[in-house]
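One rule links them: number in the working numbering = place in the sequence shown (from 1) + 63.
Heads up, the thing below is written out as structure tokens.
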Amino acid sequence: SGTIPYGQDQNVLKKWHYQDPPSKWEIARNDFLDSLQGNRNPFVDSINYVCFIDFATMTKINGPAPCNASVVGIQENKNIDFDYSIFPNPAVNEFSVLLNAKDNSKFTVRVSDLTGRLIHTQQLQVSNGMNYFTFDKLNLKSGVYMIEMVDGNKHLTKKLIVE
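Here's what the structure looks like:
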């Protein structure tokens, strides 16, 4: 169940968490507090860490659970059997993709700007389960980009913001 002991739905809380990512000020505050206390707030370091915790039992989930929250996602095919997260989002010089696939497959990732111009395309060999990829040296200027993951005729597109 998604209800945590004090009656709030953890899926709603996770959705809020994704809709309000840490600001530069919150990241700086987290760095400052770490310098004083030697203790970081992991939810400021990565908004995706909430996917690894069942807040109802306060236990670790092996492999991230679906967070039921995609701040900037566009689902194009209801029959998709994979999902992915982009982080950090907003990004600066590089971004990573955590892709959960049902089968071993060859995916294509396409990065395009909002005019539809293709900026980058790349083939990825994907294994069943969680897959991690980092994209750097794409020379993306500040703006909004669409990251499309394609597996055959199934594709899912999500938005990436570059600062």
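All C-beta atoms in this analysis are idealised placements derived from N, C-alpha and C, irrespective of residue type, glycine included.
Query	Result
I210 in three-state terms, based on DSSP	strand
Proximity of N152 and I224 at Cβ, strictly below 8 angstroms	yes
N74 versus N216: straight-line alpha-carbon distance, rounded	30 angstroms
Where Y195 falls, given that 16 or more other Cβ within 10 Å makes a residue buried	exposed
Neighbourhood of D176 by C-beta distance below 7 angstroms, restricted to the same chain and skipping five residues each side	I182, G206 and Y208
Helix, strand or coil at Q186 [DSSP, three-state]	strand
Minimum C-alpha distance to E89 - residue among Q82, K78 and N104	N104
Per DSSP, the bridge partner or partners of G179	DSSP output for G179 lists no bridge partner at all.
Of the listed residues A91, R180, K204 and D166, nearest to Q188 (C-alpha basis)	D166
Proximity to N93 [Cα-Cα], best of K200, N163, Q82 and D108	D108
Coil, strand or helix - A91 by DSSP	helix
Counted within 10 angstroms of its Cβ, other Cβ atoms place M212 as buried (16 or more) or exposed	buried
C-alpha distance - Q186 paired with M121, whole-angstrom precision	38 angstroms
Separation of Y147 from K77, as counted between CA atoms	16 angstroms
Identity of the residues DSSP links to N111 by a beta bridge	In the DSSP output, where bridge partners are listed per residue, N111 has none listed.
Supposed close pair D214, F170 - CB separation, criterion 8 angstroms	5 angstroms
Pairwise C-alpha distance: F145 and Q138	For Q138, the pLDDT reaches just 43, beneath the cut-off of 50, and the residue's location in the model is therefore unreliable, although a value from the coordinates is still provided. Cα to Cα, the separation comes out at about 11 angstroms.
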